[in-house]
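If you're matching positions, the sequence shown starts at 71 in our numbering and goes up one per residue.
Working notes for the structure below.
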Amino acid sequence: MMMKATAKAHSNIALVKYWGKRDEHLNLPAVGSISVTLKEIYTVTSVEFKKDLKKDVLILNNSTAPDYQRKRVSRFLDLIRKEAGTNAPARVVSENNFPTGAGLASSASAFASLALAGTTAAGIQKSETQLSGLARLGSGSAARSIFGGFVEMNLGTRDDGSDSVAHQIAPENYWDIRVLIAITSTAEKKTGSTEGMQHSAETSPYYQQWLSTSVKDLTDMHQAIKLRDFKSLGEISEYSCLKMHALAMSARPGLIYWNSITLDCMQAITDLRRSGIPVYFTIDAGPQVKAICLPENVDKIQKVLANIRGVKKIIKTALGPGTALVGETLL
Ligand code: PMV
């Protein structure tokens with residue numbers, strides 16, 4: 071049964087980072103990771119399979135997407151088509167609620183929403199765990215966006231990747247943590263995460279240490295979440311972030327994802343902490359800085375970050391829910 075299906079998925083930010091793959095083809099991570107799903111940043115995607123189309127159509131934020139993006143989506147849809155036994159092309163309409171070119175990665179919310187909308191449109195029902203495994207094939211971090219709140223991505227041990235899926239550690243209302251995202255640049259990043267990971271694994275002398283030390287970070291983060299110990303959660307987050315960037319920087323040639331404003335934000339967050347405000351930073355493969363804090367300190371931290379020269383915008387968010395259907399129409 072074919073239908074048009076629409077799904078909404080929220081973005082997430084890793085507190086314990088994923089960097090490196092143990093299988094490129096199945097997109098299996100080389101380390102586990104722990105993230106929080108973000109309420110205010112999301113993608114809404116609708117999928118409709120239509121036999122009369124010549125090829126897949128991808129409309130991204132109201133315009134026809136460039137070919138390389140359409141091809142990535144087509145390869146992902148092929149997995150769904152294979153399972154559904156159809157070769158019908160699809161019309162995919164995807165919209166981010168954050169400005170295009172804000173320099174915010176959207177692959178997590180994009181592929182999580184595409185996994186749910188695509189399978190539903192093709193008449194396939196999947197559990198959240200199965201959807202997480204499917205979303206992972208689009209983007210590693212997308213596997214985590216299927217779930218809300220605090221989420222862990224398992225490293226998994228099986229060769230076929232069937233246990234490399236995410237699960238929820240605690241729902242979004244378990245602990246009110248806030249994230250402020252300081253946008254420091256709207257330029258597209260030069261080295262994507264897949265390429266950066268591969269390059270780090272091949273050339274950094276620290277790669278083995280990155281793999282072996284990540285296990286303790288995950289255990290410690292579990293404990294911090296269990297005890298609602300904010301200081302530990304923040305310290306482990308900064309530690310994992312800096313280790314990931316040190317790994318990228320120690321590749322040859324080195325990968326530096328930061329700009330000078332990124333460093334100013336990191337410094338300001340460290341200074342705020344010295345002045346007694348519990349706030350910690352984390353940064354993905356790009357120059358935006360995420361400040362992790364508690365609700366009572368949001369306004370103070372926002373003021374400080376907004377005053378940094380070069381900070382273009384600050385997005386404030388609480389923790390958000392997992393991926394859900396927001397519309398289904400029988401065709
Ligand atoms: O999901 P990908 O393939 O874009 O990789 C994400 C990598 C980081 O964002 C840097 C870390 C993470 O765990 O999300």
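The C-beta atom is built at its ideal place from N, Cα and C for all residues, glycine as well.
Since the model is a prediction, treat every value here as computed from it, not as a measurement.
Open item on the list: Would V359 and I385 qualify as a contact pair, given that the criterion is a beta-carbon distance under 9 Å?
Closed with: Counting from one through the sequence shown, the residue named residue 359 turns up at place 289. Counting from one through the sequence shown, the residue named residue 385 turns up at place 315. It is not a contact, given that the beta carbons lie outside the stated cut-off.
- [ ] Look at E272 and A75 and say whether their C-beta atoms are less than 9 Å apart.
- [x] Taking the sequence shown and counting its residues from 1, one reaches residue 272 at position 202. Taking the sequence shown and counting its residues from 1, one reaches residue 75 at position 5. 9 Å or more divides the Cβ of E272 from the Cβ of A75.
Open item on the list: Pop quiz: V417 and L108 are said to be a contact at Cβ under 8 Å. What is the actual Cβ separation, rounded to whole angstroms?
Closed with: No information on residue 417 is available, as it lies outside the stretch 71 to 401 that the chain covers here.
Task: CA-to-CA distance, G208 to S177, given in whole angstroms - done: As a position in the sequence shown, residue 177 is number 107, starting the count at 1. As a position in the sequence shown, residue 208 is number 138, starting the count at 1. Pairing S177 with G208, the inter-Cα distance amounts to about 8 Å.
- [ ] Express the C-alpha separation of S197 and L333 in angstroms, rounding to a whole number.
- [x] For the purposes of this step, residue 333 is taken as residue 263 along the sequence shown, with counting starting at 1. For the purposes of this step, residue 197 is taken as residue 127 along the sequence shown, with counting starting at 1. Cα atoms of L333 and S197: separation of roughly 42 Å, rounded to the nearest angstrom.
Task: Proximity to S255 [Cα-Cα], best of G218, P169, P136 and Y350 - done: As a first step, residue 255 must be located in the sequence shown, where it is residue number 185. Checked all of G218, P169, P136 and Y350; the closest Cα to S255 is P169.
- [ ] Can you have a look at H95 and say buried or exposed, based on whether 16 or more other CB atoms are within 10 angstroms of its CB?
- [x] Numbered from its first residue, the sequence shown carries residue 95 at position 25. Its Cβ having fewer than 16 others within 10 Å, H95 is exposed.
Open item on the list: Ignoring anything shorter than 4 residues, give me the alpha helix (DSSP H) runs that lie fully in the segment 299-370, in order along the chain.
Closed with: Fully enclosed alpha helix (DSSP H) runs of 4 or longer: 300-319 and 330-344.
TODO: Find the nearest neighbour of S183 within the set I253, N367, I111 and D354, judged by alpha-carbon distance.
DONE: Start at 1 with the first residue of the sequence shown, and residue 183 comes out as number 113. Relative to the Cα of S183, the nearest Cα in the group I253, N367, I111 and D354 belongs to I111.
Task: Candidates L281, R322, T283 and Y327, of which the one nearest A257 by Cα - done: Position 187 of the sequence shown, counted from the start, is the residue given in the question as residue 257. For A257, the closest alpha carbon among the candidates L281, R322, T283 and Y327 is that of Y327.
Open item on the list: Taking the straight line between their C-alpha atoms, what separation do you get for A135 and S116?
Closed with: The sequence position of residue 135 within the sequence shown is 65, counting from 1. The sequence position of residue 116 within the sequence shown is 46, counting from 1. Distance between the alpha carbons of A135 and S116 is about 15 Å.
- [ ] Compare the Cα-Cα distances from V143 to each of A154, K382 and A187 and report the closest residue.
- [x] On the sequence shown, residue 143 is found 73 positions in, with the first residue counted as 1. Comparing C-alpha distances from V143 to each of A154, K382 and A187 shows the shortest one belongs to A187.
TODO: With DSSP collapsed to three states, give me the class of S105.
DONE: In the sequence shown, the residue the question calls residue 105 occupies position 35. In the displayed model, S105 falls within a strand according to three-state DSSP.
TODO: Inspect the beta-carbon positions of K301 and W280 and report whether they are closer than 9 Å.
DONE: For the purposes of this step, residue 301 is taken as the residue at position 231 of the sequence shown. For the purposes of this step, residue 280 is taken as the residue at position 210 of the sequence shown. Contact check for K301 against W280 fails: the beta carbons are separated by 9 Å or more.
- [ ] Taking only the alpha-carbon atoms, compute the straight-line gap between D246 and L389 and give it to the nearest angstrom.
- [x] Position 176 of the sequence shown, counted from the start, is the residue given in the question as residue 246. Position 319 of the sequence shown, counted from the start, is the residue given in the question as residue 389. D246 and L389 have their C-alpha atoms roughly 7 Å apart.
Task: Endpoints, the beta strand (DSSP E) within which T76 is located - done: Within the sequence shown, residue 76 is the residue found at index 6, counting from 1. Per DSSP, T76 belongs to the beta strand (DSSP E) from M73 to V86.
Task: Where Q200 falls: helix, strand or coil (DSSP) - done: By 1-based counting over the sequence shown, the position of residue 200 is 130. Q200: helix per DSSP, three-state reduction.
Open item on the list: Please tell me whether, using a cut-off of 8 Å, the distance from the CB of S263 to the nearest non-hydrogen atom of ligand 1 is below it.
Closed with: Counting from one through the sequence shown, the residue named residue 263 turns up at place 193. Remark: the C-beta of S263 is in contact range of ligand 1, defined as less than 8 Å to any heavy atom.
- [ ] Tell me whether Y138 sits in a helix, a strand or coil according to DSSP, three-state version.
- [x] The sequence position of residue 138 within the sequence shown is 68, counting from 1. The answer is helix: DSSP assigns Y138 an H, G or I state.
Task: Residue range of the beta strand (DSSP E) that includes A236 - done: Counting from one through the sequence shown, the residue named residue 236 turns up at place 166. It spans A236 to A240 - the beta strand (DSSP E) in which A236 sits, taken as one unbroken run.
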